[in-house]
Amino acid sequence: MTEVVIVASAFGADAVRRDGHRAWIATAAAAGASGFEVRRELISAETGVQPAALRELGAAIRETGMWAVWSTPDSLYAADGRLDVAALGRALDEAAALGARFVKLQLGGFAGESDAASIAACLRGVDTRLVVENGQLAEGGMTAQFVAFFEALEAQGHGRVAGMTFDIGNWQWTGVAPAAAAQRLARHVEYIHCKAVTGEGARRFAVAPAADDPVLATVLPLLPRHVPRGIEFPFHAHRVAEDAARYVEWLGGWLAAA
5 MTEVVIVASA FGADAVRRDG HRAWIATAAA AGASGFEVRR ELISAETGVQ
55 PAALRELGAA IRETGMWAVW STPDSLYAAD GRLDVAALGR ALDEAAALGA
105 RFVKLQLGGF AGESDAASIA ACLRGVDTRL VVENGQLAEG GMTAQFVAFF
155 EALEAQGHGR VAGMTFDIGN WQWTGVAPAA AAQRLARHVE YIHCKAVTGE
205 GARRFAVAPA ADDPVLATVL PLLPRHVPRG IEFPFHAHRV AEDAARYVEW
255 LGGWLAAA
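With our numbering applied, the sequence shown covers 5 to 262.
As structure tokens, then:
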């Protein structure tokens with residue numbers, strides 16, 4: 005079985021903002037999840053991102069046997085192409101307090117200069133693994149940007165300084181075929197966000213994949229099979245625990261025996 009992470013938003017963004025992440029830890033653990041992704045944007049009070057609060061949250065996650073992901077909506081690169089050292093430092097500090105295995109940022113406005121040495125300096129002595137995610141906007145959501153980013157890291161001798169969160173659904177917002185992106189980026193992928201997408205244009209929404217979802221069936225075989233897969237689609241409001249357990253088993257077993 006591949007490790008499966010439940011992203012907190014699967015329990016409903018409004019519910020997590022209202023009740024807090026801790027209210028859903030036991031449900032995620034009971035479902036058999038290996039990890040729990042904490043979303044900074046769903047922490048409604050600023051006190052919730054203070055070190056003491058994050059340490060308590062991280063301890064509560066570890067007590068169940070799960071590990072944590074720290075997800076921030078901030079971008080590694082600003083819109084003008086500059087490395088956002090402040091955003092990276094803040095995310096790393098918060099992830100360290102949580103005790104997260106991964107810290108996830110958007111790639112943002114990367115424009116060719118990787119600043120690999122600066123990223124490596126920020127990560128020196130840090131246990132949390134940095135992974136950049138493809139977003140739903142053209143800025144930070146196009147295959148060529150990620151190819152160029154990882155090529156630049158390698159060219160500067162820092163090819164392993166960061167990995168990728170490959171969000172299967174997000175590519176569809178930017179008009180990129182997920183399978184084409186997977187073929188070019190698979191060797192950098194260390195975490196996968198799994199969801200299907202419904203709707204058109206800006207009116208797209210994440211939904212649970214069908215058992216025979218053609219996109220997942222095409223893309224997952226192209227990606228590393230040993231890396232964690234995240235459930236980033238909403239559970240049904242009236243059967244949250246049942247959905248969580250069912251999808252953890254289903255997603256963790258997909259391709260496991262192949």
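Every residue, glycine too, gets a C-beta built ideally from N, C-alpha and C.
query                                                                                                                                                                  : result
Between Ala-261 and the rest of its own chain, which residues show a CB-CB distance below 7 angstroms, the 5 nearest in sequence each way excluded?                    : In this prediction, Ala-261 has a pLDDT of 43, which is less than 50 and means its spatial position is unreliable; nothing more can be read from the coordinates.
Should Ala-104 and Val-73 be called a contact, given that it needs their Cβ atoms to be closer than 8 angstroms?                                                       : yes
Please specify which runs of the alpha helix (DSSP H), each continuous and at least 4 residues long, are wholly inside the region 157-245, giving them in chain order. : 182-189, 218-223
In whole angstroms, what separates the C-alpha of Ala-91 from that of Ala-120?                                                                                         : 16 angstroms
Nearest to Leu-46 by CA position, among Ala-64, Ala-63, Val-219, His-25, is which residue?                                                                             : His-25
For Arg-43 versus Ala-12, is the C-beta spacing smaller than 8 angstroms?                                                                                              : yes
Rounding to the nearest angstrom, what Cα-Cα distance links Arg-208 and Gly-173 in this structure?                                                                     : 10 angstroms
Using 8 angstroms as the threshold, is the C-beta distance between Leu-111 and Gln-149 below it?                                                                       : yes
In whole angstroms, give me the CA-to-CA distance for Ala-83 and Ala-115.                                                                                              : 9 angstroms
If the criterion is Cβ atoms closer than 8 angstroms, does the pair His-192 and Gly-167 meet it?                                                                       : yes
In angstroms, rounded to a whole number, what distance separates the CA positions of Asp-97 and Met-5?                                                                 : 32 angstroms
Looking at the structure shown, is Glu-143 part of a helix, part of a strand, or coil, going by DSSP?                                                                  : coil
Quick one: Cα of Ile-10 to Cα of Gly-234, how far?                                                                                                                     : 6 angstroms
Are at least three pairs of beta-carbons, each pair with one atom in the region 222-231 and one in the region 55-65, less than 8 angstroms apart?                      : no
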